[in-house]
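Numbering (this note's numbering), first residue to last: 182 to 795.
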């Protein structure tokens with residue numbers, strides 16, 4: 182009774198294998214905070230330090246020496262706090278750092294760490310307060326100022342961030358990268374003229390370098406200062422007329438100004454200076470596309486994609502754009518056949534240029550999946566794994582396709598490989614258990630499902646899925662008591678899971694047991710998913726078992742109207758017609774069921790004897 186629902190999406194992490202086997206993915210990434218403070222940095226107030234790391238001089242402190250026992254206690258607390266932070270015990274870390282400050286109110290290192298932890302918790306006022314205190318306690322530490330400025334920027338306090346950067350520039354005038362931060366911050370705050378003045382000052386200090394040109398150009402274009410951007414690029418070209426990147430920048434300016442002819446001319450100049458520069462070709466292709474010149478755009482992309490020296494990720498971004506263009510809401514892939522063909526041609530070029538990479542095969546599989554070509558998509562994902570076995574989303578997609586294609590031997594094999602590579606991921610065991618159950622290896626199925634269930638941490642929907650799948654496996658193994666218990670546990674967690682309700686109801690009806698309960702569950706599954714043909718069939722069959730043949734007939738006819746004919750459904754329909762006295766029509770349906778496949782072992786006896794048999 183498990184019907185596979187076709188589903189494809191570019192984000193494989195969201196794809197689901199079927200309407201009954203709803204896999205709920207749970208993952209977590211924990212980014213450890215980098216330890217900027219040496220172990221002994223916690224032990225007391227700061228003294229003037231270098232601009233690299235906060236440090237602690239055990240002999241001399243800003244406020245004079247502390248008693249040895251007090252200093253040792255601060256050191257111990259700081260070390261405990263750092264250990265707690267690294268192990269993810271953040272409340273404990275906060276508590277210990279605060280205890281450091283109680284003992285040593287000028288301990289800038291603890292203030293710094295508390296600022297970062299508050300930022301991590303998205304409590305900007307507290308983070309800013311701690312960062313300000315750290316700066317006040319140690320005015321010689323540049324990293325405290327960087328943190329404070331960054332917090333101001335993230336909290337949309339551009340003016341305050343700019344003041345911090347101005348202080349850094351005044352104190353450390355040779356830190357040229359800070360000028361860029363200052364200028365961008367001023368621009369974000371709407372003070373574009375001041376931002377330009379910062380760049381003018383920086384140019385006097387370091388000359389008209391490529392880094393300065395690129396940084397200032399980005400700022401000017403981001404603030405729609407097109408005239409100033411054009412003037413800057415022309416000065417850059419005058420200083421280095423053979424630099425193709427500056428010609429490309431000028432092309433961008435012209436394109437933004439709406440002068441497509443000049444933009445095209447500049448892109449061509451850039452290519453003349455550097456014919457092998459594939460990034461310029463991609464930029465020119467983008468320009469062509471924006472002006473409706475699709476053939477020209479495709480030709481430039483084709484040349485760029487054949488370049489093995491152009492980074493594969495840059496090409497992947499282009500293909501993602503093609504994917505989105507051919508996957509618009511309300512459209513099918515067939516609505517834009519020209520782009521579809523060009524997408525596949527570019528993918529072929531990508532595969533030729535980068536035979537060592539699995540990424541071309543991954544996106545090839547995504548396109549095929551989107552276009553409903555499931556076997557071909559699966560082949561591409563298998564090829565991708567030949568190069569990138571550590572990419573778990575590909576393993577997940579492969580298992581989902583196995584289930585979609587009802588290839589249970591393939592699912593068993595792929596799930597076993599996923600388990601070997603990712604032994605702590607419960608979903609792998611779920612797929613493995615489903616495969617083994619379908620292959621009639623019921624004991625192995627229940628064993629792997631139990632193993633996977635025991636790996637689950639705080640994921641009730643996934644736990645419910647495991648219990649439901651255990652119910653399926655126990656039922657197939659004719660362990661009906663265990664099956665019913667597993668289904669009941671699944672429904673305690675998710676009482677309205679339509680797949681579980683349907684499967685439980687159907688298996689009860691097959692056993693001709695607890696029919697009232699089966700009817701309630703089946704009816705509820707239809708309330709949750711009223712258009713699901715499989716659930717209609719189950720409800721009709723439960724009614725049949727209850728002797729409600731006329732009602733059962735209505736639901737089976739709804740089922741046949743809602744979905745392509747299925748051998749099981751057609752056989753059920755024949756059984757109902759037989760009980761209603763329409764023997765000839767019943768015989769016709771039984772014969773049809775046999776041709777469709779999936780009918781019971783008794784179908785031949787029904788046809789030969791003209792009677793209904795279980």
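The beta carbon of each residue, even a glycine, is placed where N, CA and C say it ideally should be. The structure presented is a predicted model; accordingly, all values stated were derived computationally and were not measured.
Report the option in the options whose CA atom is closest to the CA atom of residue i.
| i | options | result |
| --- | --- | --- |
| residue 275 | 300, 253 and 252 | 300 |
| residue 777 | 490, 298 and 750 | 750 |
| residue 252 | 504, 690 and 288 | 288 |
| residue 738 | 610, 525, 757 and 507 | 757 |
| residue 626 | 649, 642 and 637 | 649 |
| residue 455 | 383, 631, 467 and 485 | 485 |
| residue 478 | 450, 451, 527 and 437 | 527 |
| residue 494 | 472, 465, 460 and 471 | 460 |
| residue 308 | 320, 319, 291 and 321 | 291 |
| residue 727 | 539, 692, 748 and 745 | 692 |
| residue 541 | 553, 366, 489 and 592 | 489 |
| residue 285 | 313, 335 and 255 | 255 |
| residue 580 | 498, 596 and 471 | 596 |
| residue 781 | 760, 754, 748 and 791 | 748 |
| residue 265 | 250, 249 and 294 | 294 |
| residue 563 | 551, 539, 553 and 552 | 539 |
| residue 681 | 697, 710 and 638 | 710 |
Please go through the same chain and pick out, in chain order, the residues whose beta-carbon is closer than 8 angstroms to the beta-carbon of residue i, but skip the five residues on each side of it.
| i | result |
| --- | --- |
| residue 673 | none |
| residue 537 | 568 |
| residue 350 | 356, 359, 360 and 363 |
| residue 788 | 768, 771, 772 and 775 |
| residue 398 | 410, 413, 414 and 430 |
Comparing the CB of residue i with every heavy atom of the ligand GTP, is any distance shorter than 7 angstroms?
| i | result |
| --- | --- |
| residue 758 | This structure lacks the ligand GTP; in fact it carries no ligand of any kind. |
Would residue i and residue j be called neighbours here (beta carbons separated by less than 8 angstroms)?
| i | j | result |
| --- | --- | --- |
| residue 714 | residue 702 | no |
| residue 684 | residue 653 | yes |
| residue 689 | residue 699 | yes |
| residue 530 | residue 483 | yes |
| residue 658 | residue 647 | no |
| residue 524 | residue 487 | no |
| residue 611 | residue 630 | yes |
| residue 296 | residue 267 | no |
| residue 575 | residue 587 | no |
| residue 555 | residue 585 | yes |
| residue 298 | residue 271 | yes |
| residue 521 | residue 543 | no |
| residue 320 | residue 373 | no |
| residue 570 | residue 592 | no |
| residue 432 | residue 451 | yes |
| residue 458 | residue 422 | no |
Looking at the secondary structure, which residues open and close the alpha helix (DSSP H) in which residue i lies?
| i | result |
| --- | --- |
| residue 502 | 493 to 506 |
| residue 666 | 661 to 674 |
| residue 251 | 249 to 267 |
| residue 712 | It is not in any alpha helix (DSSP H) - residue 712 carries neither H nor E in the DSSP assignment. |
| residue 326 | 323 to 335 |
| residue 607 | 607 to 619 |
| residue 524 | 518 to 534 |
| residue 555 | 555 to 568 |
| residue 471 | 459 to 471 |
| residue 309 | 305 to 318 |
| residue 284 | 271 to 284 |
| residue 439 | Residue 439 -> no alpha helix (DSSP H), and no H or E assigned at all. |
| residue 739 | 730 to 743 |
| residue 638 | Here residue 638 belongs to no alpha helix (DSSP H), and DSSP marks it neither H nor E. |
| residue 351 | 339 to 352 |
| residue 787 | 784 to 790 |
| residue 483 | 475 to 486 |
| residue 581 | 573 to 585 |
| residue 543 | 540 to 551 |
Within its chain, find whatever has a CB closer than 7 angstroms to the CB of residue i; leave out the 5 residues flanking it on each side and keep chain order.
| i | result |
| --- | --- |
| residue 784 | 752, 771, 774 and 775 |
| residue 557 | 549 |
| residue 240 | Per-residue confidence for residue 240 stands at a pLDDT of 34, beneath the threshold of 50, marking its modelled position as unreliable; the derived number appears in the next sentence. Answer for residue 240: no residue qualifies. |
| residue 338 | none |
Under 6 angstroms Cβ to Cβ from residue i, same chain only, skipping five residues before and after it: list those, please.
| i | result |
| --- | --- |
| residue 261 | 277 |
| residue 796 | Here the chain comprises residues numbered 182 to 795, so residue 796 is not present and cannot be evaluated. |
| residue 766 | 758 |
| residue 368 | 376, 400 and 404 |
| residue 744 | 714 |
| residue 545 | 528 and 561 |
| residue 402 | 410 |
| residue 790 | none |
| residue 273 | 265 |
| residue 722 | 690 and 753 |
TODO: State whether the stretch 416 to 424 contacts the stretch 434 to 448, with contact taken as three or more CB pairs (one from each stretch) at a distance under 8 angstroms.
DONE: Contact between the stretch 416 to 424 and the stretch 434 to 448 is absent, because fewer than three Cβ pairs lie under 8 angstroms.
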